[in-house]
């Protein structure tokens, strides 16, 4: 058995070495994109890649374990040849993909994945593209790599692969079977990326604001397969694309024609602190009765800020809400753009415009950014600084999901104190996400079966109060706009059915010394969407948003058309000032049972036209 352990360890090292060598080749070939990056930052690419590389290598090890187990039980020596053939084949395929990716990156700055491989549908056109030099580069690079690593396998790895003869006794099976089960379990855990709440994703390797370094750190095999498997996401768009709703063009009923709106800020370039509130619903911001005890500090901010009391989340999960809030990306039922998208860096984000306008940008999250490939989005969008739970020292108190809100906000304060102005800095909390294990039980007794969630809201609210008590003392405070928006809503102290529009109503608040006095304490009751936040901010900063963000609007425009679309599992809804309606994709008749004050066929059609335009937009990103 020691021989088997030695072989598996050597096999693991073999693949890690293969990945590392070809990663180094990629960095060399893509040198022009990283010329200004320090040598230390470049070398971090290899350490950041190790988790995904281990997961990829574990797949090969697991398959090998299965074959070895069969060989031991059956005494079929020819299986050894099958194992060797398998690893030679994987080595050749990986080498070819990696070398080919170098060529692809020169042209498109894209990794091997669905969006690049789909072009091979027109193979005749593809074959016209490469020059003789490119073909030679591919063949020589692939061939040399394969020959070298085949030699390494034969001389160092395969020598430890040996199937000794054992008597097939009860004791033999009692020893061998548990051993192989244990080894397989270990391999499967490695494939998954550990025992954490979420399985490993491509974004785990991202570490830099330089997209090329992130691309280099991403395992070629993993990325290609991940991209191909997630193309099924796009198939969910097809019904909406193929069956457009008859009627007026969607943007004719959605977009405003005028460009007249008041200026709510007393400065042209304020600092912006952007709080993404995990799972906060508008219900918890109720300022009347016993419910006012849930978030008293935040309610105080509402009374001093500009509040949109009828704002609706676009989606119902974080990987939908974050790009909706930061990039006005629309949401389609049962679809995650971040999970299915190869090049998330191509997706719009408000940081694109703010960085161009001289802003320093940062993103601090209390949990794991791997969830829903949010890590991929924020890193690819070039935030100057990105940190999540892994950034915090071991001495920081942590809960099941990450860093509680209070230490998170204190770290955010520290980062704001050292950030170059003007800055745009996102703080994204985690305490208000299940399992709601915050350090304090306030005993509010509000919420019934959702009391634990309500308790975390109160904790988050208390943490915000501590943050602001200290922030008000800082020199940057007087030139700062604080923006609060939830990533999505949550079932609150008020029990609502899944389709209920108020189940998706979220807080949207602008607060800070840079607000003009006449707008402080104002409650704007227009029906607005989470998507409209991008248009609201960019218009106030004097930056253009039309065209790049077709699904955002400026809710302060005089002719703003009040409507908001929201997505829930299995369907979509629309909210207007006087009515609301849902469209369950699994039950077309549901509109007859769940809906609004005045059920209108026009609203049903508006949902269809939204889904059509949004699907086309998302598929083209």
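Numbering (this note's numbering), first residue to last: 2 to 622.
Glycine is no exception: its CB is placed at the ideal position from the N, C-alpha and C atoms.
- Taking a C-beta distance under 8 angstroms as the contact criterion, residue 146 and residue 31 do not qualify as a contact pair.
- Residue 298 carries a helical assignment under DSSP once its states are collapsed to helix, strand and coil.
- Around the beta carbon of residue 82, fewer than 16 other beta carbons sit within 10 angstroms, so the residue counts as exposed.
- Counting the other Cβ atoms within 10 Å of the Cβ of residue 134 gives fewer than 16, which makes it exposed.
- Here the alpha carbon of residue 59 sits roughly 23 angstroms from the alpha carbon of residue 26.
- In its chain, beyond the 5 residues on either side, 361 have a beta carbon closer than 6 angstroms to the beta carbon of residue 421.
- DSSP, reduced to helix, strand and coil, places residue 524 within a strand of the structure shown.
- Counting only residues of its own chain and dropping the five nearest sequence neighbours on each side, residue 483 has a CB closer than 6 angstroms to the CB of 274, 512 and 513.
- Between residue 19 and residue 95, the beta carbon gap of about 6 angstroms places them in contact (Cβ cut-off 8 angstroms).
- For residue 323, the uninterrupted alpha helix (DSSP H) segment begins and ends at 319 to 328.
- For residue 486, the enclosing beta strand (DSSP E) starts and ends at 481 to 487.
- With 16 or more other Cβ atoms from the protein chains shown falling within 10 Å of its own Cβ, residue 322 counts as buried.
- Residue 332 and residue 250 have their C-alpha atoms roughly 19 angstroms apart.
- Judged by DSSP secondary structure, residue 281 falls outside any beta strand (DSSP E); it is assigned neither H nor E.
- Contact between residue 206 and residue 215 holds, with the beta-carbon distance rounding to 7 angstroms and staying under 8 angstroms.
- The three-state reading of DSSP puts residue 581 in strand, counting E and B together.
- Sequence-distant Cβ neighbours of residue 203 in its own chain, meaning closer than 6 angstroms and more than five residues away, are 219, 224 and 227.
- For a cut-off of 8 angstroms, the C-beta gap from residue 283 to residue 488 is around 14 angstroms, too long to register as a contact.
- With contact defined as three or more Cβ pairs closer than 8 angstroms, the segment 261 to 272 and the segment 569 to 584 are not in contact.
- In the DSSP assignment, residue 211 forms no beta bridge with any residue.
- Residue 268 sits in coil when the DSSP states are folded into three classes, being neither helix nor strand.
- Sixteen is the threshold: when 16 or more other Cβ atoms of the shown chains lie within 10 Å of the Cβ of residue 382, as they do, the residue is buried.
- Separation of residue 531 and residue 39 (C-alpha to C-alpha, rounded to the nearest whole angstrom) is 39 angstroms.
- Runs of the alpha helix (DSSP H) spanning 4 or more residues and lying entirely within the segment 489 to 555 occur at 533 to 541, in chain order.
- Here residue 320 is buried. Its C-beta has 16 or more other C-beta atoms within 10 Å.
- Ranking 432, 495 and 557 by CA distance to the CA of residue 525 puts 557 first.
- Counting the other Cβ atoms within 10 Å of the Cβ of residue 574 gives 16 or more, which makes it buried.
- CA-CA distance, residue 388 to residue 603, rounds to 45 angstroms.
- Contact check for residue 400 against residue 441 fails: the beta carbons are separated by 8 angstroms or more.
- Residue 208 sits away from residue 37, with the two beta carbons spaced by 8 angstroms or more.
- In the three-state DSSP reduction, residue 72 falls in the helix class (H, G or I).
- Here residue 564 is near residue 577, since their CB atoms are less than 8 angstroms apart.
- Looking from the CA of residue 378, the closest CA among 291, 364 and 246 belongs to 364.
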